[in-house]
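Undergrad:
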Amino acid sequence: MAPRTAADIRRSNLFQVLRRVFAAAPTSRHEIVAESGLSMATVASIATELLAAGVLLEVAPATRSKGRPLTRLALDPAYGSFVGVDVAETYLHVARYDASLTEVASTRREVDGEVRTPEDLERHLTDLLAQVTADRSTVRAVGISVPGLVDDESGVSVYAPNWDWRGVPLRARLSGRWQLPVHLDNPLKALMVSELWHDPDAAEANWAVVNLGTGVGAAIAVAGELYRGASNSAGEWGHTTVAVGGRECRCGGTGCVEAYIGAPGLVAFIEQVAPGHPWTTLGETAAVQALAEALAAGDDVARQVVAAAGAYLGAGLANLVNTVNPERIVLAGWVSDLLGDALLEAARPGVEHQALARPLQSVTMSRLTRPGNAVAFGAATFALEASLSQAHTEGSR
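Counting the sequence shown from 1 gives a position; this note's numbering is that position plus 3.
(1) I need the straight-line Cα distance from T396 to E388, nearest angstrom please.
(2) Pick out whichever of H186, V149, V304 has its Cα sitting closest to the Cα of T384.
(3) Taking buried to mean at least 16 other C-beta atoms within 10 Å of its own C-beta, is M43 buried or exposed?
(4) From the DSSP output, read off the bridge partner residues of M368.
(5) Indicate whether H242 and E261 have their beta-carbon atoms separated by less than 8 Å.
(6) Identify the continuous alpha helix (DSSP H) that holds H201 and give its terminal residues.
(7) In angstroms, rounded to a whole number, what distance separates the CA positions of I264 and V142?
(8) By a C-beta neighbour count over all protein chains shown, 10 Å radius and 16 as the cutoff for buried, is T217 buried or exposed?
(9) Would the segment 320 to 330 count as touching the segment 364 to 375 if we require 3 or more Cβ pairs under 8 Å?
(10) Please state whether DSSP places E61 in a helix, a strand or coil.
(11) Taking 6 Å as the limit between beta carbons, can you name the residues of its chain near L177, skipping five residues before and five after?
(12) Buried or exposed: R373, going by 16 or more other Cβ atoms within 10 Å of its Cβ?
(13) I need the DSSP call for G456, collapsed to helix, strand or coil.
(14) In this structure, how does DSSP classify A382 when only helix, strand and coil are distinguished?
(15) Out of D79, S48, A47, state which residue places its alpha-carbon closest to the alpha-carbon of G57.
(16) Just the Cα atoms here: how many angstroms apart are I35 and A144?
(17) By a C-beta neighbour count over all protein chains shown, 10 Å radius and 16 as the cutoff for buried, is P281 buried or exposed?
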């Protein structure tokens, strides 16, 4: 990892201030200093810069028992809007947020089997963008999350296994068509940055957000900073091995975590537990929805399927506990949303059995229950961060 430069530190401080303001708005400079550990000089300098740029605004002072009233800060919705896009294998979710990161419009489209080429994706997203942005001139940037390996610096979809895309320059294509700045990343990174904005108290924490959907992965934060790895590929936990010579995975390997706890893996467990069961003919999304409904009704097949998948999830989470040593693990994604606490509880015995005692004592595990699409929110915050980073860099030259 390259050593941090003064510009890196300044950028990190900038986003610490912004995240504190977002999470606790309206808040004062003194409160940001107390909660972040940054110096008053640093906070005051950043606040002055962001006020001048129109990113922040000052709101009515708060009264206090002693001294002058504290002027409070908030993100200014009038600064513009940012769009977050969650591109999944089976659906597209597009949301527009004002500059206070309040959602103002969103739309979703089921596209299972309808996206095969970059041109298909471009057509769908252009249509959905128009639905949430009546006036595109107010949009400052768009953040897009696409599954698979992504080069965030070049904006290239390096490898999307579900569509077998390799080296697709999505950012250039979409930015050129829309005439807007576009930031490209993957859902793991978007989920983590969403959590970092919503929970700035985790600024020093080591933790992981596990995404369970059609694909599977885990975003990692080290000391409160998103860990990307050498090639923005950190977090491909779904392609670590839990069964040597096991099920084939769409990545080309065998025995991957994803092959057992992603949506296709759950369908495979349905077939294993109850060969020929009607759920297996529904398609992956509908099958998992039917599984969740049956589980809530106490169906025995559903219980067996979740228990079987939970055993492999437990093994995978134990590996994560042992290798990363996080303070907490948060389960997210549409499969986790549908199956609720049942899947996590089915995994706990395996984690407790296979994780080493010391790292196990340090970790808590829970589900993400915050409303809204966390991936779209994270993608929009990437767009905001990229926009402000560029403005900050240009302004400091």
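Idealized CB from N, CA, C, for every residue including glycine.
TA: According to the structure shown:
(1) Locating residue 396 in the sequence shown gives position 393, counting from the first residue. Locating residue 388 in the sequence shown gives position 385, counting from the first residue. Because T396 carries a pLDDT of 47, less than 50, the predicted location of this residue cannot be relied on, and the following value inherits that uncertainty. So the two alpha carbons sit approximately 12 Å from each other.
(2) By 1-based counting over the sequence shown, the position of residue 384 is 381. Comparing Cα-Cα distances from T384 to each of H186, V149, V304, the minimum goes to H186.
(3) Within the sequence shown, the letter at position 40 stands for residue 43. Exposed, since its Cβ has fewer than 16 Cβ neighbours within 10 Å.
(4) If you number the sequence shown from 1, residue 368 lands on position 365. Beta-bridge pairing links M368 to I332.
(5) What you label residue 242 is simply residue 239 of the sequence shown in a count that begins at 1. What you label residue 261 is simply residue 258 of the sequence shown in a count that begins at 1. Yes.
(6) As a position in the sequence shown, residue 201 is number 198, starting the count at 1. Judged by DSSP secondary structure, H201 falls within the alpha helix (DSSP H) whose first and last residues are 190 to 201.
(7) Residue numbering aside, residue 264 sits at position 261 when the sequence shown is read from its first letter. Residue numbering aside, residue 142 sits at position 139 when the sequence shown is read from its first letter. Taking the CA atoms as reference points, I264 sits about 37 Å from V142.
(8) In the sequence shown, the residue the question calls residue 217 occupies position 214. Counting C-beta atoms within 10 angstroms of its own C-beta, T217 has 16 or more neighbours from the protein chains shown and is therefore classed as buried.
(9) Short answer: they touch.
(10) Taking the first residue of the sequence shown as 1, we reach residue 61 at position 58. Looking at E61 - three-state DSSP - the assignment turns out to be strand.
(11) Translated into positions along the sequence shown, residue 177 becomes position 174. These residues qualify, in order along the chain: V185.
(12) By 1-based counting over the sequence shown, the position of residue 373 is 370. Classification for R373: exposed.
(13) The requested residue 456 does not occur in the structure, where the chain is confined to residues 4 to 400.
(14) The residue given as residue 382 occupies position 379 in the sequence shown. Reduced to three states, the DSSP call for A382 is helix.
(15) Locating residue 57 in the sequence shown gives position 54, where the first residue counts as 1. The shortest C-alpha to C-alpha distance from G57 to any of D79, S48, A47 is the one to D79.
(16) Position 32 of the sequence shown, counting from 1, holds the residue named residue 35. Position 141 of the sequence shown, counting from 1, holds the residue named residue 144. Within the model, the alpha-carbon separation for I35 versus A144 is close to 27 Å.
(17) Walking along the sequence shown from the start, residue 281 turns up at place 278. Classified as exposed, P281 has fewer than 16 neighbouring CB atoms from the shown chains inside 10 Å of its CB.
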